[in-house]
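In what follows, a single structure is set out as structure tokens and then discussed.
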Amino acid sequence: MCGIAGVLLAERGREASEATLAAMTRLLAHRGPDANGTWHEGPCGLAHTRLAVIDLSPRGRQPMRSVSGRFVISYNGEIYNHRELRAELEAAGRSFVSTTDTEVILELAEVGGLGALSRLEGMFAFALYDRERREIVLVRDRVGVKPLFYAHGSDGLAFASEPKALPPFVDRGHPEPARIAEYLAFRHLAGGESILPGVRTLEPGHLVVSDGRNLRIERWDLPERRPPARAEDTAGVFAAAVRRQLVSDVPVGIFLSGGVDSAAVAYEARAALPELQSFTVGFDEAAWDETDRAAVVARALGTRAHELRLDEGEYVAGLARATWHLDAPLNHAHSVHLLALSRFARERITVALTGEGSDELFAGYPRHRLFLLSRRLRGMPRSVLRAAARGLRPSHPRLARLLESAASDAATAAALNPAFAPLDEARALAGANDPEAVIAERVDLYREAEEGGASPVEALLAVDQATYMVSLLQRMDRMSMAVGLECRVPLLDEAVVAHARALPVASRIDLFETKKPVRHLARERFGRAFADAPKSGFGVPVGEWLRREGPFSKLVDSLLADGRARRRGWFDVDRAARLLVAHRRAERDESELLWGVACLEIYARVCCDGDGIE
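Each residue of the sequence shown is one higher than the one before, starting from 13 at the first, in my numbering.
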């Protein structure tokens, strides 16, 4: 894992600046503590910071040239089938000077061009410069495990693993109200949007081709319909994926939560390794702490278990640093815990396996069942459903959400399914007048999947995989790479993704059970009590903290009261203050919106105003 950055200037007489590349490298130093390098020629410049995982020798340093010298690459990630590809290339007469997967990409490009990208299996983001054509290609993996941001304008193209490395190519100005509303409602932005005007994120499975002046975006990975898979094959698919992702020249461990997903990964990893270290983070708040559940798995598998605990004060103290590393308003409340756990684990390991991806592939969220149920209520008059939802929203938000979903068409219901907060209230806070502008990208994703033959639930999961799941992966990448720790996601291995998508919906979810194959494995291995326990929900007791005097409550009060948020004008401060009063009076639960408002303001101060972090 590494940090990548670079430029391709539009004006051919201009030279890419070594000073600019060096500045980009410094801002990504945390992603690659082992080495850094730059390369520039004419209008193109590439930068790289290295975290050495495969081939620790200097031969793996980047930017790296192909043997012929035609291609230069700055690459971040892991190609899990690089050894098989290397053997094929060597049989075809290609030679190598290192054992890195980086060099395999270069030689594959020499032989097959862009068409060879479909052969790559893994997590990756890279920039490949063709010195003959003076053209650059930016590529992101199929599901979006590794990040890549870019800005394109009259000066040319700039790109980086994190937006913080893009200045002076971007202006951290006022985000569009629709994007603020989308963040407050969903905690992430759909499609290629980012919170920064002029900065886009390359979508999973897509590539950018540019000569600096012109730019085109293509989808290089096209999902294909496969024959139905069998749920009973899930264990074997998981086992093969975990074994493949254990390949490393540095120590590997696992992040173990209290859930069935990380337990499934831990089970297979422990079967393949003589010893496995597991890492868990917990709360001092007993009702929100899942370390006991993680301990059940650790004891059953005999891992060397390490446990870290945070209290409310430590959590609040970590918000600014987590925000700086995400370089966006925090999208998940557990980000601070993940950053602390990554730092804790990095003292002992360099690579960590995680359980991300299972919920979006196998339909694991309670809201997925809500969507199923809402489709059963479609026969009722929409006016009745909407009126009932309005009346129930303050006291029974989940039931209100069910009725609102039932009153909507399938595409709109799917678009709103992952929302943390009511869209109308998020729009009012942000001053976004057009509701369609906030959810249009999600509606389009649903309809695209539906047109491709997906059922309503399959289309809903396609939206989740393109939006919410990508935000989880973004959080995982930033919090772990903040300390130079590589996180791998075996449950998003190409074989697992293909298997899950080929499972009939009824084998994944029904009105009584979510992600059925994964829970079945957990029951067999760790018992029914562990497998059937409910999710902890928000994961952090924000609602409780806001109703009592403590570090988080004081922080939110200060963010709303000191005048900076009002002068900035990103959201309606008075409206937010009224929500806070209503929440503290227990009139209704407004913790989701208040969390979003607080994180938005922290982002503005840390990443836009330049407030220091401790």
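Note that the Cβ used here is the ideal one computed from N, Cα and C, for glycine as well. Source: prediction; values computed, not measured.
Helix, strand or coil at residue i [DSSP, three-state]
i, result
"A422", "helix"
"I207", "coil"
"M392", "coil"
"T303", "helix"
"E359", "coil"
"R398", "helix"
"L101", "helix"
"S290", "strand"
"L45", "One detail in the question is off: residue 45 reads as Pro in this sequence, not Leu. Strand at P45."
"S80", "coil"
"E115", "helix"
"A598", "coil"
"G549", "Note that G549 scores 43 on pLDDT, short of 50, meaning its location in the model is unreliable; the coordinates nonetheless yield the value given after this. In the structure shown, G549 sits in coil (DSSP, three-state: anything other than H, G, I, E or B)."
"W582", "coil"
"N436", "The question names Asn, but residue 436 in the sequence shown is Asp. D436: helix per DSSP, three-state reduction."
"G168", "strand"
"S492", "helix"
"G330", "helix"
"E462", "helix"
"L63", "coil"
8 angstroms Cβ cutoff met for residue i and residue j
i, j, result
"V293", "L353", "yes"
"V84", "Y141", "yes"
"P199", "H380", "The question names Pro, yet the displayed sequence has Arg at residue 199. No."
"N268", "S260", "Position check: residue 268 holds Leu in this sequence, whereas Asn was assumed. Not in contact: L268 and S260 (Cβ atoms no closer than 8 angstroms)."
"R146", "D223", "yes"
"W300", "I625", "no"
"V552", "H346", "yes"
"T50", "E27", "no"
"A139", "G54", "no"
"A317", "S290", "yes"
"I148", "L20", "yes"
"P430", "Y480", "yes"
"G330", "E302", "no"
"A137", "G81", "no"
"L397", "A418", "yes"
Burial state of residue i, where buried means 16 or more other Cβ atoms lie within 10 Å
i, result
"V618", "buried"
"S166", "exposed"
"V593", "exposed"
"L371", "Looking at the sequence itself, residue 371 is Asp, so the reference to Leu does not match. With 16 or more other Cβ atoms within 10 Å, it is buried."
"V262", "exposed"
"R520", "buried"
"C324", "First, the residue type needs correcting, since residue 324 is Glu and not Cys in the sequence shown. By the 10 Å Cβ count, E324 comes out buried."
"V491", "Sequence inspection shows Met at residue 491; the Val mentioned does not correspond to that position. Buried, since its Cβ has 16 or more Cβ neighbours within 10 Å."
"D153", "buried"
"F583", "buried"
"F171", "buried"
"V348", "buried"
"D505", "buried"
"G549", "Its pLDDT being 43, under 50, G549 is placed unreliably in this model, and the value from its coordinates should be taken loosely. Flag for G549 reads exposed."
"E205", "buried"
Of the residues the options, the one placed nearest residue i, counting alpha carbons only
i, options, result
"I91", "G57, V157 and A466", "V157"
"M218", "R228, G224 and P209", "One point to set straight first is that residue 218 is His, not Met, in the sequence displayed. Nearest option by C-alpha distance: R228."
"M488", "L313, L20 and L350", "L350"
"H52", "H60, P45 and D46", "H60"
"M493", "A139, A28, L40 and V309", "L40"
"E359", "G265, D323 and D421", "G265"
"A573", "G369, L457, D446 and A588", "A588"
"E613", "R131, D476, A340 and A401", "A340"
"L389", "F374, D421 and G403", "D421"
"A276", "G575, L503, R38 and D569", "L503"
"R535", "G127, P179 and V308", "V308"
"H595", "R82, L606 and S29", "L606"
"G105", "T112, G369 and E119", "E119"
"V554", "E23, V450, P286 and E602", "E602"
"G369", "M36, A545 and A507", "A507"
"T213", "P175, A22, R184 and A243", "P175"
"M36", "V182, A399, F432 and P187", "V182"
"R311", "V328, V450 and L288", "L288"
Beta-carbon separation (whole angstroms), residue i vs residue j, contact threshold 8 angstroms
i, j, result
"R43", "L63", "7 angstroms"
"L628", "Y279", "Any answer about residue 628 is impossible in this case: the structure gives the chain only from 13 up to 626."
"H511", "T112", "About 29 angstroms separates the two Cβ atoms, so there is no contact after all."
"A438", "A241", "Not really, about 38 angstroms apart at Cβ, beyond 8 angstroms."
"A425", "F383", "6 angstroms"
"V151", "L129", "6 angstroms"
"A193", "A442", "4 angstroms"
"A284", "R255", "5 angstroms"
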